[in-house]
Amino acid sequence: MGGCAGSPPRLSDSEGEETEPAPRPPLQDSQGAHWKNAVGFWLLGLCNNFSYVVMLSAAHDILSHQRTPGNQSHVDPDPTPTSHNSSSRFDCNPVSTAAVLLADILPTLVIKLLAPLGLHLLPYSPRVLTSGICAAGSFLLVAFSHSVPTSLCGVVLASISSGLGEVTFLSLTAFYPRAVISYWSSGTGGAGLLGALSYLGLTQAGLSPQHTLLSMLGIPALLLASYFLLLTSPGPQDPGGEEDSDTAARQPLINSEASESKPGSGSPLSLQERWTVFKGLLHYIVPLVLVYFAEYFINQGLTSDEHREFAMATACISDTLGISLSGLLALPLHDFLCQLS
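Residue numbering for the sequence shown is 1 to 341, as defined by the UniProt record's numbering.
Take a look at the structure:
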């Protein structure tokens, strides 16, 4: 899946003349591949963010309920959380739910910070497999945990899965038509809604948090199936889904003097080139940092083709940085509010 897809190669004959490019596949086959990739990337967006959303939705249960070793099927039968400050008018846990937020976002932040430096050297398939295994492990570890630290380790696994998956799948979009980015984004948005509603609905229906988490083990399996079985291999097509003749009409978002080569068709980007691309992305990253900071604090077209893969992996750091900052600030704010009488 990680193969590079450039323009159809032109082979020169013995007289130095260029032959015609390979014929395009039938329209029906192209439409079938389009919809398979569209559904595939939507499901990848949904499944990749699902465990992250569920862990935030389960934050209160992770910190409030303790399971005894002899009873792994049910949480503490006393549904009333114990406040560590009885004089406070707020419903306080001994540890702020921001601890779950930080465990759910900081590993992702680390992955996104390091990914542009060398993650591209690892093939896509092992990355996807690792992401799926970490997602399944997060559900299992939190479901069978008997202590808050163990549960937080499970949340960290969910964060690793989400962060590694996001960098991987966003980079992968560079080898498919541009439209798949929209389907991926739609899927991640669906994860925010379906993840929270599914956890709330199942627990309100009478399932224990443990059984609710175990029932979601099909999500990592669906992620792996979407990648390995549903996506088509990138063919000899323009990654932007447009003809080369239309390339000049597109307004580049990052000015560069790079060649016209396709993603991965040339030599790897140097550190200087990566820094240049990153600086060009800052005016997109900074506003997103502010947007995600505000959202999570209250509630707890990139670059003409050779830079596209790197840029897609780098720009996604913005939301993670904003969420991380909100979690760090929420920790002292939680303690301050809980001390108010």
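The beta-carbon is built from N, C-alpha and C at its ideal position, and this holds for glycine as well.
Does the segment 114-123 come within contact of the segment 324-337, defined as at least 3 CB pairs closer than 8 angstroms? No, because fewer than three Cβ pairs between the segment 114-123 and the segment 324-337 fall closer than 8 angstroms, the two stretches do not touch.
Could you tell me the distance, in whole angstroms, from the CA atom of G240 to the CA atom of G195? For the purposes of this step, residue 240 is taken as residue 240 along the sequence shown, with counting starting at 1. For the purposes of this step, residue 195 is taken as residue 195 along the sequence shown, with counting starting at 1. Only weak support exists for where G240 lies, its pLDDT of 44 falling under 50; the value from the coordinates is given anyway. If I take the Cα positions, the gap works out to 31 angstroms.
Since I believe V180 is in contact with F41 (beta carbons under 8 angstroms), could you give me their beta-carbon distance rounded to a whole number of angstroms? As a first step, residue 41 must be located in the sequence shown, where it is residue number 41. As a first step, residue 180 must be located in the sequence shown, where it is residue number 180. Indeed, because the Cβ distance is near 4 angstroms, the residues count as touching under 8 angstroms.
Just mark D61 as buried or exposed, buried being the case when its beta carbon has 16 or more other beta carbons within 10 Å. Counted from its first residue, the sequence shown places residue 61 at position 61. Flag for D61 reads buried.
In whole angstroms, give me the CA-to-CA distance for F144 and Q210. For this step, residue 144 is matched to residue 144 along the sequence shown. For this step, residue 210 is matched to residue 210 along the sequence shown. Near 7 angstroms, if we compare the C-alpha coordinates of Q210 and F144.
Proximity of G154 and L164 at Cβ, strictly below 7 angstroms: Along the sequence shown, one-based indexing puts residue 154 at 154. Along the sequence shown, one-based indexing puts residue 164 at 164. No, the pair does not count as a contact, with Cβ atoms beyond the cut-off.
Is the number of C-beta pairs between the segment 175-190 and the segment 200-214 that are closer than 8 angstroms three or more? no
How is H146 classed by DSSP in three states: helix, strand or coil? The residue labelled residue 146 in the question sits at position 146 within the sequence shown. Here H146 sits in coil by DSSP.
For S131 and S161, believed in contact at Cβ under 8 angstroms, the rounded distance: Counting from 1 along the sequence shown, the entry for residue 161 is found at position 161. Counting from 1 along the sequence shown, the entry for residue 131 is found at position 131. Contact check for S161 and S131: beta-carbon distance about 5 angstroms, within the 8 angstroms limit, so the pair qualifies.
With a threshold of 6 angstroms on Cβ separation, who are the neighbours of L222 within its own chain once the five nearest residues in sequence on each side are excluded? For the purposes of this step, residue 222 is identified with residue 222 of the sequence shown, where counting begins at 1. Hits under 6 angstroms: C47.
Give the secondary structure of T212 by DSSP, where H, G and I count as helix, E and B as strand, and everything else as coil. The residue labelled residue 212 in the question sits at position 212 within the sequence shown. If DSSP states are grouped into helix, strand and coil, T212 belongs with the helices.
Kindly indicate which three-state DSSP category A205 falls into: helix, strand or coil? Numbered from 1 along the sequence shown, position 205 holds the residue referred to as residue 205. If DSSP states are grouped into helix, strand and coil, A205 belongs with coil.
Please report how far the alpha carbon of T276 lies from the alpha carbon of L102, in whole angstroms. One-based indexing of the sequence shown puts residue 276 at position 276. One-based indexing of the sequence shown puts residue 102 at position 102. Between T276 and L102, the C-alpha separation is close to 30 angstroms.
Under the rule that 16 or more other beta-carbon atoms within 10 Å means buried, what is F228, buried or exposed? In the sequence shown, the residue the question calls residue 228 occupies position 228. F228 is exposed by the Cβ-count criterion.
Mark residue 430 as exposed unless 16 or more other C-beta atoms lie within 10 angstroms of its C-beta, in which case mark it buried. This structure gives no information on residue 430, because the portion of the chain shown stretches from 1 to 341.
Mind checking which residues open and close the alpha helix (DSSP H) that includes A58? Residue mapping note: residue 58 aligns to position 58 of the sequence shown, counting from 1. Counting along the chain, A58 falls outside any alpha helix (DSSP H), and DSSP gives it neither H nor E.
Around the C-beta of S324, are 16 or more other C-beta atoms found within 10 angstroms, so that it is buried, or is it exposed? In the sequence shown, the residue the question calls residue 324 occupies position 324. Buried, since its Cβ has 16 or more Cβ neighbours within 10 Å.
Mark G118 as exposed unless 16 or more other C-beta atoms lie within 10 angstroms of its C-beta, in which case mark it buried. As a working mapping, residue 118 is identified with position 118 in the sequence shown. Exposed, because fewer than 16 other Cβ atoms sit within 10 Å of the Cβ of G118.
Would Y124 and N37 be called neighbours here (beta carbons separated by less than 7 angstroms)? As a working note, residue 124 is residue 124 in the sequence shown. As a working note, residue 37 is residue 37 in the sequence shown. Contact flag unset, no.
Whole-angstrom distance between S151 and H283, CA atom to CA atom: Mapped onto the sequence shown, residue 283 falls at position 283. Mapped onto the sequence shown, residue 151 falls at position 151. Cα atoms of H283 and S151: separation of roughly 37 angstroms, rounded to the nearest angstrom.
Please say whether L157 and T320 have beta carbons closer to each other than 7 angstroms? Within the sequence shown, the letter at position 320 stands for residue 320. Within the sequence shown, the letter at position 157 stands for residue 157. In this structure, L157 does not lie closer than 7 angstroms to T320 by Cβ.
With T108 as the anchor, note down where its alpha helix (DSSP H) starts and where it stops. Here residue 108 corresponds to residue number 108 of the sequence shown, with the count starting at 1. A98 to G118 is the span of the alpha helix (DSSP H), which, as asked, contains T108.
Using a Cβ-Cβ cutoff of less than 6 angstroms, which residues in the same chain neighbour S33 once the five nearest sequence positions on both sides are dropped? Residue numbering aside, residue 33 sits at position 33 when the sequence shown is read from its first letter. Inspection of the sequence shows that residue 33 is occupied by Ala rather than by Ser. If we look at A33 and ignore the five residues flanking it on each side, its Cβ neighbours are T232.
Could you spell out the range, first to last residue, of the alpha helix (DSSP H) harbouring P220? The count along the sequence shown starts at 1 and reaches residue 220 at position 220. G218 to A225 is the extent of the alpha helix (DSSP H) around P220.
Collapsed DSSP secondary structure at R178 in the structure displayed: As a position in the sequence shown, residue 178 is number 178, starting the count at 1. Correct three-state label for R178: coil.
Our contact map puts V100 next to Y199 with C-beta atoms below 8 angstroms; I'd like the distance itself, whole angstroms only. If you number the sequence shown from 1, residue 100 lands on position 100. If you number the sequence shown from 1, residue 199 lands on position 199. At roughly 13 angstroms, the Cβ-Cβ gap does not stay under 8 angstroms, so V100 and Y199 are not in contact.
When the Cα of Y52 is compared with those of L63, I105 and S64, which residue comes out closest? The sequence position of residue 52 within the sequence shown is 52, counting from 1. Checking every option, the nearest Cα to that of Y52 belongs to I105.
Member of S159, E273, L214 and L121 whose CA lies at the smallest distance from the CA of N49: The residue you call residue 49 lines up with position 49 of the sequence shown. Answer by Cα proximity: S159.
Nearest residue (CA-CA) to Q339, options S96, S57 and A58: Counted from its first residue, the sequence shown places residue 339 at position 339. Out of S96, S57 and A58, S96 has the C-alpha closest to the C-alpha of Q339.
Local Cβ density within 10 Å of L56, reported as buried at 16 or more and exposed below that: As a first step, residue 56 is located in the sequence shown; it is residue number 56 there, counting from the start. With 16 or more Cβ atoms within 10 Å of its Cβ, L56 is classed as buried.
Can you give me the C-alpha to C-alpha distance between E273 and L281, rounded to a whole angstrom? Within the sequence shown, numbered from 1, the residue matching residue 273 stands at position 273. Within the sequence shown, numbered from 1, the residue matching residue 281 stands at position 281. Those two C-alpha atoms are separated by around 13 angstroms.
Does the distance from the C-beta atom of A330 to that of P220 stay below 7 angstroms? Sequence index remark: in the sequence shown, residue 330 carries index 330 (1-based). Sequence index remark: in the sequence shown, residue 220 carries index 220 (1-based). Contact flag unset, no.
Kindly indicate if chain E contains any beta-carbon less than 7 angstroms away from that of A99. You won't find chain E in this structure, because it holds only one protein chain.
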